[in-house]
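Trainee: The structure's right below; bear with me while I get my questions together.
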Amino acid sequence: MSGWITALALRKALFLDRDGTLIEDVPYSEDPMAITLLPTTIPALKKASLSGYLCIIVTNQSGIARGLMTESGFWARQHRLLAMLLAQGIEIVDTLFCPHHPTAGVVPGYSQACDCRKPNPGMLVTAIERHGIDPASSYMVGDKVSDVEAGQRAGVTGILIEDRAAHAACPPGTPYYPNIGQAVDAILA
Ligand SMILES: [Mg+2]
Ligand SMILES: [Zn+2]
Numbered sequence: 076m077s078g079w080i081t082a083l084a085l086r087k088a089l090f091l092d093r094d095g096t097l098i099e100d101v102p103y104s105e106d107p108m109a110i111t112l113l114p115t116t117i118p119a120l121k122k123a124s125l126s127g128y129l130c131i132i133v134t135n136q137s138g139i140a141r142g143l144m145t146e147s148g149f150w151a152r153q154h155r156l157l158a159m160l161l162a163q164g165i166e167i168v169d170t171l172f173c174p175h176h177p178t179a180g181v182v183p184g185y186s187q188a189c190d191c192r193k194p195n196p197g198m199l200v201t202a203i204e205r206h207g208i209d210p211a212s213s214y215m216v217g218d219k220v221s222d223v224e225a226g227q228r229a230g231v232t233g234i235l236i237e238d239r240a241a242h243a244a245c246p247p248g249t250p251y252y253p254n255i256g257q258a259v260d261a262i263l264a
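My numbering runs 75 ahead of the 1-based position in the sequence shown.
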């Protein structure tokens, strides 16, 4: 008889949109130097990390499908952001991005429907599996309805920030906060 007790230590995550949520949205930018952190990003991610949330970025980057940027251009910018955060003691444990677009793409291989472009939940589902995350104790924070919906479809609580006007289009009961700082304060309260 086995005497083993299996303890499933599922972890909790804070899934984060990037553009317009953590940094100023500069559409289709590949410029590593053109990164402006939003005012509450650093304290919010510090608090979330210290409280045991895995911070994971999930970002739509259709500029790649549109031929306006490349995957390596995306990573050049993303790596600088990761370095800026790490310099503040914040670790982003994973970055997932969708390079596709179902209709507006011009680059072969990227111009297609996919399950990763938010509001589809593919990026979150992949991260949940990869890192042993419990969706029910996790959150997805973003500035668009598609962020909230991607979270919900993955079984994660979606929270809208920044764009008050978008709140009307969110699923009923979706929480809204003006910025990532207030969203994280609410999560940790
Ligand atoms: Mg955004
Ligand atoms: Zn995709």
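Note that the Cβ used here is the ideal one computed from N, Cα and C, for glycine as well.
If you run the structure through DSSP and keep just helix, strand and coil, what is R152?
Mentor: Of the three classes helix, strand and coil, the one that applies to R152 here is helix, per DSSP.
Trainee: Using a strict less-than 7 Å threshold between each residue's beta carbon and the heavy atoms of ligand 1, what residues do you get?
Mentor: Those residues are D92, R93, D94, G95, T96, D100, G217, D218, K219 and D222, given in chain order.
Trainee: Does the beta-carbon of G138, which I'm using as the reference point, lie nearer than 8 Å to any heavy atom of ligand 2?
Mentor: False, no ligand heavy atom lies under 8 Å from that Cβ.
Trainee: Quick one, are the C-beta atoms of M108 and R155 less than 9 Å apart?
Mentor: Yes, Cβ-Cβ distance for M108 and R155 is below 9 Å.
Trainee: Here's the rule I'm using: 16 or more other beta-carbon atoms within 10 Å means buried, otherwise exposed. How should R192 be labelled?
Mentor: Per the 10 Å Cβ criterion, buried.
Trainee: With a 10 Å radius around its C-beta and 16 neighbouring C-beta atoms as the bar for buried, classify H175 as buried or exposed.
Mentor: Classification of H175: buried, given that the 10 Å Cβ count is 16 or more.
Trainee: What residues are listed by DSSP as bridge partners for D94?
Mentor: According to DSSP, D94 bridges with I98.
Trainee: I'd like to confirm something about D284: is its beta-carbon nearer than 8 Å to some heavy atom of ligand 2, or not?
Mentor: Beyond the ends of the chain as shown, which are 76 and 264, falls residue 284; an answer cannot be given.
Trainee: As a quick exercise: from Q187, V101, L89 and A140, pick the residue whose alpha carbon is nearest that of I131.
Mentor: Closest option to I131, Cα to Cα, is L89.
Trainee: So what's R86 in DSSP terms, helix, strand or just coil?
Mentor: Strand, per DSSP.
Trainee: Under 6 Å Cβ to Cβ from P177, same chain only, skipping five residues before and after it: list those, please.
Mentor: Same-chain partners within the cutoff: A188.
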